[in-house]
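Chains as they are written, first to last, in my numbering: chain A, 1 to 375; chain B, 1001 to 1451. We treat Cβ as the ideally placed atom computed from N, Cα and C, and that holds for glycine. All values reported here derive from a predicted model rather than from experimental measurement. Please read the structure below before turning to the comments.
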Amino acid sequence: MQDDAAQNQTLLGADELVLNMGPQHPSTHGVLRVKLKLDGERVRGTECVIGYLHRGVEKIAENRTYQQFAPYVDRMDYVAAVSNGLGYCEAVEKLLNVEAPPRAKVIRTIMTELQRIASHLIWLGTHALDIGALTPLFYCLREREEILKIFEKYCGARLTTHAFRIGGLQYETYDSFEKDVERFCKDFERRIQEYVDLLTGNSIWIGRTRNVGVLSAEDCIALGASGPVLRASGVKWDLRKAQPYAAYEQYKFEIPVGTNGDTYDRYMVRMEEMRQSRLICLQAIGNIPAGPIMGKVGKVLKPPAGEIYHSIEAPKGILGYYIVSDGTSQPYRVRIRPPSFINLQALDKMARGHLVADVVAIIGTLDIVLGEVDR
Amino acid sequence: MHPNLQALLVFVQNWWVELVSGVVIVAVVPLITGYLVLMERKLMADMQARLGPMRVGPHGLLQPIADAVKLLIKEDIIPDNADRFVFWLAPVVSMTAALTAMGAIAFGPSFLVARDINVGLLFVIGVSSLGLFGIVLGGWASNSHYSIMGALRSTAQLVSYETAAGLALVSGLLLAGTLKIRAIVQMQESLGVWFVFLAPVAFFIYVVASIAETNRAPFDLPEAESELVAGYMTEYSGFRWACYFLGEYANMIVVGAVATTLFLGGWLRPFPNVHWMNWLDVLPALSIAAVGAYCVYRAGKQPARVQVWFMWGVALACLATALILAAPLYGPLSFLQPGLHGAFWFLLKISAYIYLFMWLRFTLPRYRFDQLMHLGWYILIPLAIVNVLAVGVAMILETEYGWNRWLALVVTTAFTLAAALFLLRLNDKRSATASSAAPPEEPTTEDSYAG
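Listed below in C-alpha cells is the structure:
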C-alpha cells in the first residue's frame, strides 16, 4: 500500500480511520483480517492479513506417502473437497503415467460437478447474507444438503470426502446413485429459479452489486485471477474446455462470461455455471460406461524422479498441483496453486474508493475459503 | 397525618391511572417484546424452510422467558476505555423513550394508556425520536470503531427519515384536523373511511420511513451484522444489550400504533358504520377460539406430558380470551364492546403492520448507506412535500369550491404519483451519469453523513 502524503488527506482533514475487519468478523468468511483505511466510510486502502488458518499442508506432504497425503488436500478448500481431491489424484496419476479407467473418470466428473454446484450454493448463500438477504442462505443449504447426502451415501463422508483414489476410485457407486443424481438435477432447475426470483431482478440487489468491485480483463490477467472472477471480466478461459481433464471432453456445455467484470456479472456467471454443471451431470448420468473403477497401480507408489504440474478448474478458479518426485514413496515437494489465495489479491484493487459495505460484498464475490488461502 | 404523606396521597389520587398504566407498560411491554421476537423467529423459520425454536416449551413457546433469564444473568462487560456513566445511561435512554411514547397511545375509545394529551401524536413522535440519543451516546461511549460508525449511520438515517415520516404524517393530520389521538380515530369513524384510502401515498411514505426509523431491514445499516458486527450495540452485553433490544422492538410497536391510528382507523373494525357488516363483531371471539382449538389439536401430538399440559393451558387461555371477547355480543354486556373489540382490532392492525416489517426483512437485501440517503433525500422527502401540498389542495377544492372529496383526492393523488415517477426518472438519470462508486483516483466530495 502506498502511503504518500497526498493520499492521507481525507475529506474533512481528519486522520484516516484504521478499522480492523476480522479475524473475528461475521462476514470475512473465516479468519481473514482486513485492515481498512477509511475516510469516513470510504475505503482508501486495504491490507489483508492472512495465515490464521495456516497448517503447513505443503510441508506435511513431504512426510507422507502419496496416498496418505490425499485426504489432506480435502482440508484446503473444505467447501469443495471433491474438486481438490480430483486435482491431486490426477496430478499423481500424471506423474505415475497411469490413467484412470473410463468409468472412474465419468463418476469423478459427476461428483466434481455436483461439488461445483454445492460450492457455488455456499457462495450464493453467504454472499447474499453479506449483502443483507437472509433467506437465500437457507434455500441454498437445503439444496446443498441433497448433494451432501449423495456424497455421504457414496463414500460415507459429507464434507471432507476423500472420494477419489490415485488411479481411480475405491468404491463402486451405490444402487440408487444414478437415480439420486438425476432427481437432484431435475429438482434443481426449479430451485435455481427461486434464487433468481429473490435476487436477479431485485433493484436493491442490482444497486448493491452493479459497478461494485470492477475488475477489467487486463487486471484479472495481471493479478492471475481465475475462475468465475476472470470469466466475469469477459475472458473465456475454462480449463474444462481449454485443457480437458477427467471426462469433460465428452460433454456439451457452455462457458458463461460477463462483460463488466463487476459483482453482478460474477453473480450471473456463477448462477449460469450451476445450470451448466447440472446439464453436465444429466448428460453423464445417462451413460456411465461399465468396467473397472481402479487403474493398474501398485500398493506402494514410487513415481519416477521428475516433476509434474497439473491444474483443474475448481469451483473457485484454477487449482494447480506442482509435485516433485525423487523416486521414493513420498513427494519431495508439493506446491499448490490455490485459486482463493490468488483471487484474494484483487481485493485491494477492487475495494479502493468504495464504501465499507462494498468491501463485504467484494469479499463475498471473490468466493474465498480461508482454508485454501492459508493452507 | 404528615403533610408530605398527605401530599403523596393526593398525588396518587389524582394520578393513579397514569401510575398504574406506567407500571403495566414497564411490566407488559418486555413480555410482548419477547413474544414478538419469538413470532419473528418462527415466521423467519417458516419462510426459510426450517422450524425455528422448538426446544424450550412446546414449539418454543417459552423461549422468550429463557432468553430473558439468560440475558439477566449474563456477565455485564464494560470496555476499559468506555465512558462508564454514558455507557450506563445510553441504553436506559433508548428504552425509556420507546416505553414513554407508548403511554400516549389509545388502544380503544375508552382504553387509553395514559392521558389524552391534546398534542398526542406530536408527543409520541417527539418522545420516540429521543431514543436516538441513546444510540448516539451508546456508540460514542463504547469507544469502538464499529460502535461509532453504527451510531453515526444511525444519526444520519434517523434524522433523514424522520423528516419524511413527519411530512407523511402531516398529510394525514390535514385530513384529521387534530393531533389528539382519540379525535383522529373518531374523525375516521365519522367520515366512514380510513385515511389510508384518502392518502395512500402518505401511508406508503410512512411505511418506508418507519422501517428506516426502527432500523429494520432493508434499512438496518446501523446494526448491519455483516458490515459493522452489531453497530452501536457491539460492545454491549447482557441486560444493557437487552435494554436496547427492548427499545427497538417497543419502537416497532409505537410506529405500528401511529400508523394504525392515523391511517388504518385505529380501534375501528373494518366498515365501522355499515350495519349489514355487523357480523364482523363475531370475528374477534371466533379467531381467538380457532387458535385455542388448534392448540387443543396440537396438544395431542406433543411428545412430553409437560408439553401436553402446557399446550392445554395455552388453549384454555385462548378460549377464556375468546369468551371475554364474546361477552359484548350478549345484550346487557354490550357496553364492553368498544373497549374490548377496539383493543382487539387495534392490536390486530399493529400485528399486521409488524408482520409486514418482518416479511420485508426476510425478503430483501440491505441498502448501502449512500443509496439509503439518496432514497431519503432525493425521493421520499420531495415526494412527501408534494403529497402534503396535494392533500392540502384537495381539501381546499373540497371546502372552497365544493368538489366531491373523492374526485379531489383522486386528481391530487394522480398528481403526486406523477411527481413520484418524475423523481424516480431523475434519480435513474443521476445514478446513470455518476456511478455510486467513485474511482479511487478522484476522491468524491459527496459526504455520506450530510444531513
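Kindly indicate which three-state DSSP category H29/A falls into: helix, strand or coil? coil
Inter-residue Cα distance where the pair is A1068/B and K1074/B: Straight-line Cα distance between these residues: approximately 10 Å.
Below 7 Å on C-beta distance, what does F1370/B contact in chain A? Note on residue identity: the sequence assigns Asp, not Phe, to residue 1370/B. What D1370/B touches in chain A: L355.
With a threshold of 6 Å on Cβ separation, who are the neighbours of P71/A within its own chain once the five nearest residues in sequence on each side are excluded? H162
Does DSSP classify Y321/A as helix, strand or coil? strand
Within chain A, partners of M1047/B - CB distance below 7 Å: Listed by position along chain A, the residues whose Cβ is nearer than 7 Å to that of M1047/B are T135.
By alpha-carbon positions, which one of Q170/A, L32/A, R210/A, K316/A ends up nearest to R231/A? Residue K316/A is the option with its Cα nearest to R231/A.
Take A1408/B and list the residues in its own chain whose beta-carbon comes closer than 6 Å to its own, dropping the five residues that flank it on each side. A1394, L1397, E1398
Would you give the residue range spanned by the alpha helix (DSSP H) that M1373/B belongs to? 1369-1374
If I follow the unbroken alpha helix (DSSP H) through M1463/B, where does it start and stop? Since the first and last residues shown for chain B are 1001 and 1451, residue 1463/B lies out of range.
Note down, in chain order, all residues in the region 182-204 of chain A with a beta-carbon under 8 Å from any beta-carbon belonging to chain B. L198, L199, N202, I204
So, does the region 1098-1107 of chain B touch the region 1161-1170 of chain B, judging by three or more C-beta pairs under 8 Å? no
What are the start and end residues of each continuous alpha helix (DSSP H) run of 4 or more residues lying completely inside the region 327-363 of chain A, in chain order? 339-344, 346-351
Quick one, are the C-beta atoms of G213/A and T365/A less than 8 Å apart? yes
Pull up the distance between the alpha-carbon of G1402/B and that of L1280/B, whole angstroms please. Rounded to whole angstroms, G1402/B to L1280/B spans 35 Å at the Cα level.
N84/A, enclosing alpha helix (DSSP H) - first and last residue: 81-96
According to DSSP, simplified to helix, strand and coil, what is S1435/B? Because S1435/B sits at a pLDDT of 48, beneath the cut-off of 50, its placement in the model cannot be relied upon, and the following sentence gives the value as read from the coordinates. S1435/B falls in the coil class under three-state DSSP.
Assigned exposure category for V1012/B - 16 Cβ within 10 Å defines buried: exposed
Using a Cβ-Cβ distance under 8 Å, would P1079/B count as near chain A? Output row for P1079/B: interface = no.
Residues bridged to R165/A by DSSP? Looking at the DSSP assignment, R165/A forms a beta bridge with G168/A.
Which one or two residues does DSSP pair with Y309/A in a beta bridge? Y322/A
Mind checking who L17/A pairs with in its DSSP beta bridge? L38/A
Residue closest to L86/A, alpha-carbon to alpha-carbon, out of I363/A, V360/A, I318/A: I318/A
Closer than 8 Å, CB to CB, is D358/A near chain B or not? yes
So I50/A and D374/A are supposed to be a Cβ contact under 8 Å. How far apart are they, rounded? 6 Å
Along the alpha helix (DSSP H) that carries D367/A, what are the first and last residues, could you check? The continuous stretches of alpha helix (DSSP H) do not include D367/A, and DSSP gives it neither H nor E.
Please confirm whether T365/A has its beta-carbon closer than 8 Å to some beta-carbon of chain B. no
Using 8 Å as the threshold, is the C-beta distance between E99/A and G295/A below it? Yes; because the gap between Cβ atoms is below 8 Å, this pair is in contact.
To the nearest angstrom, report how far apart M1311/B and G1057/B are at their CA atoms. 9 Å
With a CB to CB cut of under 7 Å and the five nearest residues on each side skipped, what residues in its chain are close to K154/A? With the sequence shown as reference, residue 154/A is identified as Tyr, and Lys is not the correct amino acid for it. Cβ within range, chain order: A163, Y171, T173, Y174, F177.
Boundaries of the alpha helix (DSSP H) in which R375/A is found, first to last residue: Element bounds for R375/A: n/a, residue is neither H nor E.
Output the distance between the C-alpha atoms of K186/A and S277/A, rounded to the nearest integer angstrom. 12 Å
Below 9 Å on C-beta distance, what does F1362/B contact in chain A? A133, L134, T135
Mind pulling the chain B residues with CB within less than 8 Å of Y139/A? By Cβ distance, chain B contributes Q1048, A1049.
Against chain A, does P1053/B count as a neighbour if the rule is that its beta carbon must be under 8 Å from one of theirs? no
Are there three or more Cβ pairs, one per stretch, closer than 8 Å when the region 1185-1196 of chain B is compared with the region 1135-1142 of chain B? no
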